[in-house]
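There are 2 protein chains.
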Amino acid sequence: MRAKAVFYHAGCPICVNAEQTVLGALDRDRFNIEVVHLGTSKDRVAEAEKLGVASVPALVLDGQPFHINFGASLNDLK
Amino acid sequence: MRAKAVFYHAGCPICVNAEQTVLGALDRDRFNIEVVHLGTSKDRVAEAEKLGVASVPALVLDGQPFHINFGASLNDLK
């Protein structure tokens with residue numbers, strides 16, 4: 009069974025870069041990857057926050073948040 | 009030919025976690041991964057800095073630095 013990887017972003021250039029490069033480097037045979045745009049899916053900001061996401065872009069792997077560089081604070085997306 | 013991925017760290021708990029989880033999720037069929045401990049390989053701090061690494065843990069993919077969470081500043085490893 010593939011593990012779940014969720015990438016939260018807000019469409020910013022830093023987010024796009026992280027998505028293309030870091031997310032693009034993940035092993036897709038081992039992960040089901042979901043990409044969530046918190047700028048357009050504002051209803052999922054609370055979910056991201058609960059997972060420990062403080063800024064975007066962020067990748068949640070094994071339930072742990074990994075903030076990749078800094079694009080925008082989650083507070084600015086509420 | 010595999011692309012190069014370099015993971016810079018300093019042995020901190022945040023570094024170890026990022027290494028196990030994020031680095032462990034990369035597609036090893038597409039990347040040659042090198043792990044560099046800047047605490048013990050201080051001669052490589054200048055190289056990391058030149059690549060744009062400002063803190064560890066950081067992953068350099070396609071020549072671009074991606075800082076993953078925050079363990080320690082590069083300045084503190086000099």
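First to last, the protein sequences are chains A and B.
Residue numbers for the first sequence follow the numbering used here, beginning at 9 and rising by one.
Residue numbers for the second sequence follow the numbering used here, beginning at 9 and rising by one.
C-beta atoms are modelled at their ideal positions from N, C-alpha and C, and glycine is treated no differently.
Residues of chain A with a Cβ closer than 8 Å to the Cβ of F39(B) are, in chain order, A33. Here the C-alpha atom of G47(B) lies approximately 16 Å from the C-alpha atom of A26(B).
DSSP places N25(B) inside the alpha helix (DSSP H), whose first and last residues are 21-29. Taking a beta-carbon distance threshold of 9 Å, D51(B) does not count as an interface residue toward chain A. Look at P73(B): its C-beta is under 9 Å from a C-beta on chain A. Assigned with DSSP and collapsed to three states, K86(A) falls in coil, not helix or strand.
For the 9 Å CB-CB criterion, V14(B) and L59(B) form a contact.
Close partners of A80(A) in chain B (Cβ separation under 9 Å) are lacking, with about 15 Å as the shortest Cβ gap.
Taking all protein chains shown into account, V43(B) has fewer than 16 neighbouring C-beta atoms within 10 Å of its C-beta and is therefore exposed. For K58(B), the uninterrupted alpha helix (DSSP H) run begins and ends at 53-58, by DSSP. Straight-line spacing of the CA atoms in F39(A) and G32(A) works out to 12 Å.
The C-beta distance from A11(A) to D70(A) rounds to 7 Å, short enough to meet the 8 Å contact threshold. A straight-line Cα-Cα distance of about 19 Å links K86(A) and P21(A). When secondary structure is reduced to three states using DSSP, A18(A) falls in the coil class, being assigned neither helix nor strand.
Under the three-state reduction of DSSP, G79(B) is assigned to strand.
In the DSSP assignment, no residue is bridged to P65(A).
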